[in-house]
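Data block below; observations after.
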Amino acid sequence: MKNIILFGAPGAGKGTQSTALVEKYNLKHISTGEILRKEMKDKTDLGLKAKDLIENGILVPDEIIIGMIENIISNNKNTNGFIFDGFPRTEQQAVALDQLLEKNGTKIDMLIELSVPDEMVVERLLLRQKLEGRADDNPESIKKRLEVYHTQTVPIAEYYHKQGVHIKIDATGEIKQVTHLLFEKVDAL
Ligand code: AMP
Numbered sequence: 501m502k503n504i505i506l507f508g509a510p511g512a513g514k515g516t517q518s519t520a521l522v523e524k525y526n527l528k529h530i531s532t533g534e535i536l537r538k539e540m541k542d543k544t545d546l547g548l549k550a551k552d553l554i555e556n557g558i559l560v561p562d563e564i565i566i567g568m569i570e571n572i573i574s575n576n577k578n579t580n581g582f583i584f585d586g587f588p589r590t591e592q593q594a595v596a597l598d599q600l601l602e603k604n605g606t607k608i609d610m611l612i613e614l615s616v617p618d619e620m621v622v623e624r625l626l627l628r629q630k631l632e633g634r635a636d637d638n639p640e641s642i643k644k645r646l647e648v649y650h651t652q653t654v655p656i657a658e659y660y661h662k663q664g665v666h667i668k669i670d671a672t673g674e675i676k677q678v679t680h681l682l683f684e685k686v687d688a689l
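Numbered per the working numbering, the sequence shown finishes at 689, counting up by one with no gaps.
Here it is as structure tokens:
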């Protein structure tokens, strides 16, 4: 079982590249953002609770996210491995993830950071808003999400760096180029 965290700022390409990884390596993709957007669309209690936070670019509380992940891990015991996309986003989530995986006799094998400068992130997210109309891809929310990324999420790369599993790749190029770089890293696992 191989477990990979796809890490990076909003708009770094985590969702797009996850699709390529899932196809090639037959892994189970977990995007907490996608799960939350579905809950919002279905107007569940969780969706209603999360809506304001998400639209303002603020993180949903750790307990909620960790509970969601716990369910998914325990319902997918026979998977080839997981790709975590948009999770963990805080150190508390990272510690909880390590504990959950350990309970299942497994661990994070690699955190791959998709490195993109902030200016490019802003450009990509504004373009995505035109194409997909995501409510949180507006200039104010983008600014907040980047600030949250740098203060709350970036320290996780260091956390996994200490475990010796942090890898960084240049994700400014064409989608296919980035996929190629990613496959090289995952093949080496
Ligand atoms: P994403 O699609 O990953 O960019 O996530 C969109 C929004 O969902 C984020 O800005 C957060 O408000 C919320 N969210 C997604 N994943 C998490 C997480 N792991 N922890 C807390 N909030 C999250």
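For every residue, glycine included, the Cβ atom is placed at its ideal position computed from N, Cα and C.
By the C-beta criterion, the segment 629-641 is judged not to be in contact with the segment 596-613, since fewer than 3 inter-stretch pairs fall below 8 Å. Rounded to whole angstroms, the separation of the alpha carbons of residue 654 and residue 562 is 16 Å. Distance from the CA atom of residue 581 to the CA atom of residue 528, rounded to whole angstroms, is 6 Å. Shortest gap from the CB of residue 583 to any heavy atom of the ligand AMP: 7 Å or more. CA-CA distance, residue 540 to residue 509, rounds to 22 Å. Judged by beta-carbon spacing, residue 559 lies within the 8 Å limit of residue 590, meaning their Cβ atoms are closer than that value.
Remark: the C-beta of residue 587 is in contact range of the ligand AMP, defined as less than 7 Å to any heavy atom. Listed in chain order, the non-local C-beta contacts of residue 668 below 6 Å within the same chain comprise 613 and 615, local neighbours out to five positions each way being set aside. The ligand AMP has no heavy atom closer than 7 Å to the beta-carbon of residue 599. Non-local beta-carbon contacts of residue 586 in its own chain, meaning distances under 7 Å to residues more than five positions away in sequence, involve 514, 531, 532 and 533 in chain order. The residue among 600, 604 and 643 with its C-alpha nearest the C-alpha of residue 620 is 643.
In the displayed model, residue 611 falls within a strand according to three-state DSSP. Boundaries for residue 668: no alpha helix (DSSP H) harbours it, while the beta strand (DSSP E) harbouring it runs 666-670, taken from the DSSP string.
Restricting attention to 543, 570 and 537, the CA atom closest to the CA of residue 595 is found in 570.
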